Amino acid sequence: MVRRHPRVLVLWDEIYEHIWFTPERPAHLLHVAPDLRERTLLVNGASKTYAMTGWRIGWGAGPQALVRAMEVIQSQASSGPNAIGQAATAWALDAEDQNFVSASRAAYARRAAFVAEALQAVPGLSLLAPQGAFFAYVRCGALIGRLRPDGRPIASDADVVDWLLDAEGVAVVDGAAYGLSPYFRVSIAASDAVLAEAVQRIARAVGALRLAAPAPAAAIAVAP
Ligand SMILES: Cc1ncc(COP(=O)(O)O)c(C=O)c1O
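If you want my numbering, it's the 1-based position in the sequence shown plus 5.
And the structure:
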């Protein structure tokens with residue numbers, strides 16, 4: 006598809022490069038289609054691989070003309086990434102021992118499998134086990150039309166999200182925010198203990214929703 010449109014540039018966001026749970030490492034675009042190299046910008050960063058969210062260190066690699074133009078904009082828009090973050094990232098990338106990366110991947114894989122299994126067992130919810138990244142997308146369409154104990158109806162995934170927060174203090178993001186309804190997104194970037202508590206709370210909140218009473222049958226006048 007992209008090959009048919011040679012003027013289209015490709016932005017390949019590989020921020021989750023090391024967070025994958027498939028048997029094999031997922032293929033990289035430029036291994037599959039090396040001919041796209043001259044019009045692909047790779048972006049990556051330290052946030053996910055080294056658990057450095059908030060340190061604001063990222064990088065890009067791509068065609069020289071594009072990178073030069075980016076430098077012009079970046080040098081005017083920001084005085085540069087913070088020095089401590091740069092030093093920490095350089096240290097992390099250069100470290101010979103990268104066991105932290107494989108150990109984190111194993112921990113995230115375990116958490117993703119745990120959350121998927123636990124939420125799959127909740128009547129009304131379904132999901133596929135995540136194959137990478139930090140998130141589980143949970144289908145919640147079966148809850149739409151149910152009623153909260155206070156009588157308010159659940160009309161959307163945003164209502165499900167509000168209910169989980171109101172009832173049990175669990176914060177998740179509605180699928181509508183990503184153009185994917187009716188789902189909600191659970192982050193698995195939390196400790197095993199927090200996730201175990203969260204799935205119990207989600208199950209309890211879902212179990213507290215009532216099915217709406219069926220509409221009364223319309224009266225039929227039968228002529229004598
Ligand atoms: C898909 C994706 N790309 C890039 C980023 C950027 O991460 P950061 O701004 O922490 O470097 C994120 C962070 O949430 C992300 O989810």
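Note that beta-carbon positions come from the ideal geometry of N, C-alpha and C, so glycine has one too.
Here the structure is a predicted model, which means the values were calculated and not measured.
- Per DSSP, reduced to three states, the secondary structure at A141 is strand.
- I207 has its alpha-carbon roughly 47 Å from the corresponding atom of P11.
- F26 is a Cβ neighbour of A114, given a cutoff of 8 Å.
- In the DSSP assignment, L46 forms a beta bridge with L16.
- Short of 6 Å from the beta carbon of P31, and not among the five residues preceding or following it, lie these beta carbons of its own chain, in chain order: W25.
- Remark: the shortest separation between the CB of G65 and any heavy atom of ligand 1 does not fall under 7 Å.
- Distances taken from the Cβ of I20 to the heavy atoms of ligand 1 include one shorter than 7 Å.
- When distances are taken from the beta-carbon of G50 to the heavy atoms of ligand 1, the shortest one is below 7 Å.
- Counting of Cβ neighbours within 10 angstroms places H33 among the exposed residues, the total staying below 16.
- Taking 4 residues as the minimum length, the alpha helix (DSSP H) runs contained wholly in the stretch 27 to 103 are 34 to 37, 69 to 82, 88 to 99, in order along the chain.
- Distance from the C-beta of T45 to the nearest heavy atom of ligand 1 is not below 7 Å.
- When the beta-carbon positions are compared, V48 and G59 stay at least 8 Å from each other.
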